[in-house]
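Numbering (my numbering), first residue to last: 1 to 208.
All residues carry an ideal CB built from backbone N, CA and C; glycine is no exception.
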Amino acid sequence: MAEQYTLPELPYDYSALEPHISARIMELHHDKHHATYVKGANTAIEQLAEARESGNLAVVPKLTRDLAFNLGGHVNHSIFWNNMSPDGGDKPVGELAAAIDDQFGSFDKFREHFTTAATTIQGSGWAVLVYDQLGGNLFIEQLKDQQSDIQLGGTPILQLDMWEHAFYLDYQNVKPDYVKAWWNIVNWADAGARFDRAVSQTKGLLLG
């Protein structure tokens, strides 16, 4: 049997990211929305096992989509919480800073590109900085809903939730204000550590 997924604890208090993200949003977002994705992923896995056991494979396509959506939501949010910190903001340092300068021209150009990707998502989704294992490149991607539009072999480094539940109570429909505030709490130490692991631990993984 597959292992059950569990809801991770936040690495800070609900109010820790104020005034940029309110405690009310953080509590609802983590305890309700993220918890729902965890439950949905576990349910889909259980139902897929039941379908295999019973031979009712007609339900597999739907359950596969359910798993992709809910597990995507669980993974995305698990990264998102750690990508933020009350001590965040400023700019990246080290290898990630150098890679951003090399790939995007400067941090300011990267920030502008990422902001544009986030604020122009149609409907619900995520803006994601991705490390491409095959080419060693950094790309900025838009995710649709919770499922990944990231290529196979892409490792998320930095993610921003652009679903309305992530910002509407604080910013209503003004996405640019939410994104501008979010830059003040980006945990560059976490993003930098994720980048370092992606570079060192995935080299040669795809093609040997």
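For I100, the enclosing alpha helix (DSSP H) has its first and last residue at G94 to F104. For the options S85, I79, V199 and N184, the alpha carbon positioned closest to that of Y131 is the one of V199. The segment 106-144 is shown to contain whole alpha helix (DSSP H) runs of 4 or more residues at 107-119, in chain order. By the Cβ-count criterion, L71 is buried, with 16 or more other Cβ atoms from all chains shown falling within 10 Å of its own Cβ. Shown here, T202 sits in coil according to DSSP, grouped into three states, outside any helix or strand. Here Q147 really is in contact with F69; their C-beta atoms are around 6 Å apart, less than 8 Å.
Taking all protein chains shown into account, N187 has 16 or more neighbouring C-beta atoms within 10 Å of its C-beta and is therefore buried.
Residue I45 holds the alpha-carbon nearest to the alpha-carbon of L63 among I45, S54, K109 and Y168.
Inter-residue distance for D177 and N56 is about 48 Å (C-alpha atoms, whole angstroms).
8 Å or more divides the Cβ of W183 from the Cβ of D161.
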